[in-house]
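As given, the protein sequences belong to chains A, B, C and D, one line each in that order. Residues in the first sequence are numbered from 1 upward in steps of one, following our numbering. Residues in the second sequence are numbered from 1 upward in steps of one, following our numbering. Residues in the third sequence are numbered from 1 upward in steps of one, following our numbering. Residues in the fourth sequence are numbered from 1 upward in steps of one, following our numbering. From the three backbone atoms N, C-alpha and C, an ideal C-beta is built for every residue, glycine too. Taking it in order: structure first as structure tokens, then the write-up.
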Amino acid sequence: MVYVALITGFLLILMGLYGALTNRNILRMTVAFSIASTGTHLVLVAVGYIPGRTAPILDGAVTAADASLRIIDPVPQALVLTAIVIGLGVTALMLTYAYKLYETKRTLDISKYTDLKW
Amino acid sequence: MSTVMFVMSLLLACAMIASAYVALRGQSLSMAVLAAGAVSLFASVMFVLLAAPDVAMTEAAIGSGLTTFLFFFVMGRVKGGKDD
Amino acid sequence: MIKKFVALLLLAGLGLMFVGLLLGFTPDQVLNTTASYYADHSVEDTGAANIVTAVIVTYRGLDTLGEVTVLFLTATIVSLILTQPRPSGTPIIGVAEKKALSSGELLQTGTRLLVPLVLLFGVYVFVNGHLTPGGGFQGGAILASALLLLLLSDPTKRFNHRLISRVESISGILYVVIGVLGLVLAGGFLDNRILPLGAFGTLFSAGAIPVIYTLIGLKVGAEFSSMMVTLSESRDR
Amino acid sequence: MVSTLFIIAGGLGAAFLLGLLREEWRGFAYGVTLAALAFMSWVAGSWLWAFVFDGAVGVDVFTAGHNPPFAINLRMGLPEAVLVLLVNAMGLMVGVYLKGTLMRLGRRAMAVLLVAVLALCGIILTRDIFNLFVFIELTAISTAGLVLLSADARALGAGFKYLVISQIISILLLVGIIFAYHATGTLNIDGMAEASVALMKGGTLAFFLILMALIVELKPFPANGWALDIYESAHPAFSALFSAAFSAAMLFAVDKVLLIGGEPWPKIATGVGIVTFVGSNLLALSQTNDRRLLGYSSVAQVGLVLTVIGQRAVLGEHYLFVVGGILLAHSVAKAGLFWVSGLVVERQLSAWAVLRQNPFLVFAFATFMALLIGLPPFPGFYAKWELVHALVSEGRLALVVFILFGALLEVGYLFRWFGYIIKREASVESAMSKPVAFLPRKLVVIGVGVVSAWGLGYIWGALSDFANVLQALPVLFALSFLALEGLPAKLKNTLAIVGLVAFFAISYENYNQLQLIFGAIILIGGAVILLASYETHGKRIGFYPSAMLMYAGLAMLIVAEDSFSFFVAWEILTVGSYFLILRGKFSEPHALSYIIFSLGGAFAILAGFALAAGGAPRIPLEALAQVPATLAPWVFILLAIGFMTKTAAIGLHIWLPGAHAEAETDVSPMVSGILLKAGLFGLMVLLLNMGKTQFYGVELTYVLLWIGALSALLGNLMAIFQEDAKRLLAYSSIGQMGYAVFGLAMMNHLGWLMALMFVINHYVYKSMLFLSVGGIAKRTGTRDMYRMGGLIALMPLSFIAVLIGIIAVSGVPPLSGFGGRWIFYNAIMTADARLPMILIFLSGPVAFLYLFRLIHTIFLGQLKDEHRRLKEAPFWIVVPQMIYVVFLLGFAVFPGLALRRVDAFLNPYFPNGGLNWEGLTISSDFGYWSPVSIMITIGVIFATLLAWLVYLNHNAQKVKQFNIVFAAERPYRPETTHFAWNFFAPYRKALGFMVQPFVTQFWDGLTGSLHHTAQFTRKLYTGNGQTYAFHLLAFVVVVYLILVGGLV
């Protein structure tokens, strides 16, 4: 299962990047990037998974005493939480940029925004 | 147990890849955004399978929920949202 | 066409690296040092049942502060960009836009009923962050979705920006203050032991974690709301 | 000590507080922002203070009350303190600079600025890899926000491109981090280093991804188009922050992360760095937009630092000194230049001419330019020295070559730009725009930059193992003229003369004979030339600091005992003379080629010294004699090339004619009569110590012999075809220096005696001729000889000077030139290099041809109508000429005064073949020379001939001015009908092939192809954000393939 998640994650990253590289529409690029970052999150979580163990939450089933034998690694999960929130921030910013860019040139085609070059 | 989960994860993986394909190649932009949201949603189910409920909640609320709405807010402002 | 080909080529290169990573990967059978430390010590260190929360709020509290700052920054920049006067000469867009459809009676009533529940749920999620899955970010997102509901049911509704930004700022400042208190009173910046750890597994336990998660929840909720509100109102400016 | 965390807590707290404020309270919000930045700077500063003065040791700051690796920790050590202070101080300055914009945009913009600064501090301080990621994201997002401070609408596109890039970066980084965590079980950077991630399976690739993500943030060439777009369109104050602080923080992150690394990573850093350094500097050559140019330059500098980071192992304990020197110099200089660019309205480089309205800004630009290039006394200079020495001692010669090549490109475009500022016309629009002179707030910020630049120079001097350049008396004396710029020129001139003479008085006792000759020429000779400077009026801003800097360098050069002080002096005199040459009206391109050749030569010298040092930080000059035989020829060649750029040996001469001819009247003699001697002095030092060096069986001095001979012949040949009197003199200098090089290369007593004789003679007559020609040009308003004529009656004193001068130059009796020739021919008889000897003999008569024109065309013939009312050249220009006349006559009669001492000095080195000094007669193996009797003989002959001529003149028929019959049509170019135009046309037919500008064509071709490469390569940067993403991925993949392919 870990491998399934990992491979899916990597595939999503590659698909997302492919979309970002080949779609000229800014919004579509943004969508593609959000798919790629979902893939990243999947990879992160999958790396921390240990087969046959439970979530790192102590309750009736898992006590503090046997926690280290029963739970999976909490660190990747903490990292992914952070990454998700940051990803949202960047996406929101890209969207705002897209809107502002559209306002200046009335197009979302990224190849039209090449006033700066060379 | 493990086999069930394996099959489930396989199905989820296929669903994610398929949604991602739709998101990237789909005709309309709203379709793409929704499909991307679906990828997130499937991912959050996957996170549950991977014993990461915190992440699952976050991905569902933020990744598939808020992000999708943000996209729609902006798409509402931008006429050129169609493929051009 | 060439572009797609090159893209495929490059991604094949990247894929090669990923394959390398995959081949070199063997899932852990036991927890590594860091993780087993958390598993063994987080209860006595922090008193939180949800170890992910312990890691997020305390052990890696600086990350989380940074994370909150990312949202703060994004919200700030979004409103900075959208409230900036248009460069003169650019046409105002959205003129041709249809007047937003007024949503149905049912939705409006439903929303009125639903919003308090959703808000309550959000609060529940973040105050229980140290016990159950979920926490400030999830709770904050839920708070914001209440606002989203209001926005959807009545797109012309105006929100009190000042209130939102006040909630955001005050909770942010308090967060920093608690962090500094940790530095002064306890073992270091963002140490949760400035408050008693309390009885394990109860609501008022785990030191400052519930307080911090509440602040995060409020702050994150305010930030998400501010982002959405600015984006949704941007056309009118 | 205040906890380091207060930097982050303070910044964040203030940023959140800003959200509470009312939108209208902008002044208050601005106050809060500045106060927070000042507080953060203070915390950083107090740590730095503690490290430096209280001997504090670095501390780890734990968060959350738990030990790393379980909780995040920060580290505050000396490098961190320096960088955090840099970042915060830069943030504060940017805050001050941006006041207008921030007040307009309100508290939100201020909050973004605060967060950006604290995020950078976080990047520097944190020891946790994921925390690093968080801070990098914060930085990226705040960058995307701050880019929009710009009034330029294009900034929006640039910001979006950056977001696209940072998305890819964060994907790479996250994947890398999680796999590195998986491999090592920790997120702590030091923990990862201990677990040596590279050895574990999967860890190598993970580390590769992390490193690539960080390196891509450093804008490696060619995956950096997005950064250039940001530089071009962002607000200059933000660009300052982006270039100075962001790069510094990211570089430190790379440095930190490289701790984890294993074998191949430093090499990758160096490889990427050097490609970036050279590539970006090359592309900068073809830029016309100032901010984009600065962007390329920033990227290049960061590449250089990355190169150095990769060479950490080689640098050992000097690592921080070198890398810090380059990095801080870059940061301050680049920030300063961006700040200055905020005052210039238009974006093309030549628009910067508007800076001339405010001399302070010109000084600021010069400071930042020198800081960036690493000229003394700035930190980059010391760093460059250490770096090159360390690399050479490890045998990384190719790297040194690339670094120096890149640095030379940088020299090229920066000095070209400086030339524009000094020489170009400010366009009408910018002249009408807001007066640059009055923007006090921004000027203060720029002033802080300038002060920091010099402060850094002082600190680096004090930290170095060498003497602090800023404590050298001559340099201080020269710099003190900067403070005196407000005084009238005449007063400053007096001070300068007094200074030169006084310095000679205090130091001549310590001079040996050789130094005495050079010292007298430089200091006393310099003072004599300065007499001519009394002629100018007003303040003459910029002249005295430059001139004095050149003299300071020269004075330090001759007393230098080790390679370092020699090189310092060399660069100082080079820079000073550049500023001096640039003052000429049309000298912009010539000054540029002068500085490029000179600094190129200086780099050759640097490499030569480093090669000779063999790992030592410096060597005494005498130790050149002990260089192992395998290296010796290379050292010899490098040093000789370096010195011959100054003597303008043929092949390296193309800068000289323009530079000398276009310089101001009193500058030409300085740079010709005095400055050229620096090259000769260098050659003497070289030959005294490494005289007989063989290279694949070829005696290198034999090659020099040829170079000298060819220079003499071709220089003289080129001189005869000049129409411009000053150019003629300049070309003649090439020839004269050729003689001197020839003499030295003979490596015998007489050869050296003759060379030293040349040193003195050339100073005297070339200074004199340049002054008289300059005086004449001042009066007639032209330097073209055919436009003059018949001036003998109007300018008798100038005539006398020229007459005496050309007699001395041509080496006919009775003047000292003959003495020189006499020794020379004696010397040649003792050498056995026949063929070059013939060339030298041939060039003698050639010299007659051009010298003849000086008298014939200028003073004889018919007086031009428009010249009828001319007066003698200005008094102060004539005074030194008359001094020279007296000296030449005296020297002709008593050459022994100087030569005896020289002769004695040479004895220990060349014991055989000296001269015999008996009374007033000097004899050699081949004959004798009695100056007094020659003088008497010649005097009698001259008097007889004169009497005869006067007698004949009695019968002469006067020709009227208009007694020339034109045909009905007016020629297209009137000068072609003048008898003195193209005077030596027949010779041109015969010898023209020898003066074809092959050398010029060669150098033009070289620069041309560089420009073409730049033009071609920059088309890579299409401006399309997607293309940039392609570049980025391609960059990562290519580096990966190189790595996998085992090429590194």
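So, for residue i: in the same chain, excluding its five sequence neighbours on each side, which residues have a beta-carbon less than 7 Å away from its beta-carbon?
{"i": "F47 (chain B)", "result": "V55, A56 and E59"}
Quick one: what does DSSP say residue i is sitting in, helix, strand or coil?
{"i": "D724 (chain D)", "result": "strand"}
{"i": "E699 (chain D)", "result": "strand"}
{"i": "Y928 (chain D)", "result": "strand"}
{"i": "L343 (chain D)", "result": "coil"}
{"i": "L491 (chain D)", "result": "helix"}
{"i": "F189 (chain C)", "result": "strand"}
{"i": "Q1001 (chain D)", "result": "helix"}
{"i": "D115 (chain A)", "result": "coil"}
{"i": "W917 (chain D)", "result": "strand"}
Just to check my reading of the structure: residue i and residue j have Cβ atoms closer than 8 Å, yes? What is that Cβ distance to the nearest angstrom?
{"i": "G66 (chain C)", "j": "T63 (chain D)", "result": "At roughly 12 Å, the Cβ-Cβ gap does not stay under 8 Å, so G66 (chain C) and T63 (chain D) are not in contact."}
{"i": "M788 (chain D)", "j": "F926 (chain D)", "result": "Contact flag wrong, Cβ pair sits at about 42 Å."}
{"i": "A141 (chain C)", "j": "P74 (chain A)", "result": "About 20 Å; that fails the 8 Å criterion."}
{"i": "L12 (chain B)", "j": "F42 (chain B)", "result": "5 Å"}
{"i": "A111 (chain D)", "j": "G13 (chain D)", "result": "Their Cβ separation, rounded to whole angstroms, is 11 Å, which puts A111 (chain D) and G13 (chain D) out of contact at 8 Å."}
{"i": "F681 (chain D)", "j": "L523 (chain D)", "result": "The Cβ separation is near 14 Å, so there is no contact."}
{"i": "G774 (chain D)", "j": "S668 (chain D)", "result": "6 Å"}
{"i": "L713 (chain D)", "j": "S843 (chain D)", "result": "4 Å"}
Starting from the C-beta of residue i, find all residues in its chain whose C-beta is less than 6 Å away, skip the five residues before and the five after it, and write them out in chain order.
{"i": "R106 (chain A)", "result": "none"}
{"i": "L687 (chain D)", "result": "L744"}
Residues in the same chain with beta-carbon distance under 8 Å from residue i, minus the five sequence neighbours each way, listed in chain order, please.
{"i": "P91 (chain C)", "result": "Annotation note: pLDDT 46 at P91 (chain C) (below 50); position unreliable, coordinate value reported separately. Closer than 8 Å at Cβ, skipping near neighbours: no residue."}
{"i": "A237 (chain D)", "result": "V94, Y97, L98, T101, L149, F338, W339 and G342"}
{"i": "V254 (chain D)", "result": "L211, L214, I215, L218, A269, L306 and I309"}
Check this for me: beta carbons of residue i and residue j, under 9 Å apart or not?
{"i": "L21 (chain D)", "j": "M94 (chain A)", "result": "no"}
{"i": "S145 (chain C)", "j": "S226 (chain C)", "result": "no"}
{"i": "S767 (chain D)", "j": "G658 (chain D)", "result": "no"}
{"i": "I51 (chain C)", "j": "I35 (chain A)", "result": "no"}
{"i": "L1065 (chain D)", "j": "I129 (chain D)", "result": "This structure does not reach residue 1065 (chain D), given that chain D is present from 1 up to 1048, and the question cannot be answered."}
{"i": "L397 (chain D)", "j": "V314 (chain D)", "result": "no"}
{"i": "L118 (chain D)", "j": "G11 (chain D)", "result": "yes"}
{"i": "F729 (chain D)", "j": "F770 (chain D)", "result": "In the sequence on display, residue 729 (chain D) carries Leu and not Phe. Closer than 9 Å, so yes."}
{"i": "L92 (chain D)", "j": "L146 (chain D)", "result": "no"}
{"i": "L21 (chain C)", "j": "I72 (chain A)", "result": "no"}
{"i": "I403 (chain D)", "j": "I529 (chain D)", "result": "no"}
{"i": "A591 (chain D)", "j": "I572 (chain D)", "result": "no"}
{"i": "I230 (chain D)", "j": "G412 (chain D)", "result": "no"}
{"i": "G139 (chain C)", "j": "V57 (chain C)", "result": "no"}
Kindly list, in the order they appear in chain B, the residues whose Cβ is closer than 8 Å to that of residue i.
{"i": "I142 (chain C)", "result": "A61"}
Since residue i meets chain A, which of its residues come closer than 7 Å, beta carbon to beta carbon?
{"i": "S40 (chain B)", "result": "T38"}
Whose Cβ in chain C lies nearer than 8 Å to the Cβ of residue i?
{"i": "H1012 (chain D)", "result": "Chain C residues near H1012 (chain D): none, gap ~26 Å exceeds 8 Å."}
Using the beta-carbon of each residue, which ones in chain B are nearer than 7 Å to residue i?
{"i": "F204 (chain C)", "result": "Those within 7 Å of F204 (chain C) in chain B number zero; the least Cβ separation is about 21 Å."}
Which bits of chain C does residue i rub up against, with CB to CB less than 7 Å?
{"i": "P69 (chain D)", "result": "T34"}
{"i": "D59 (chain A)", "result": "A49"}
Could you name the residues of chain D that residue i contacts, counting a contact when the two beta carbons are closer than 7 Å?
{"i": "I84 (chain A)", "result": "Within 7 Å Cβ-Cβ: nothing; I84 (chain A) doesn't reach chain D, min ~11 Å."}
Since residue i meets chain D, which of its residues come closer than 9 Å, beta carbon to beta carbon?
{"i": "G61 (chain C)", "result": "T63, A64, A71 and I72"}
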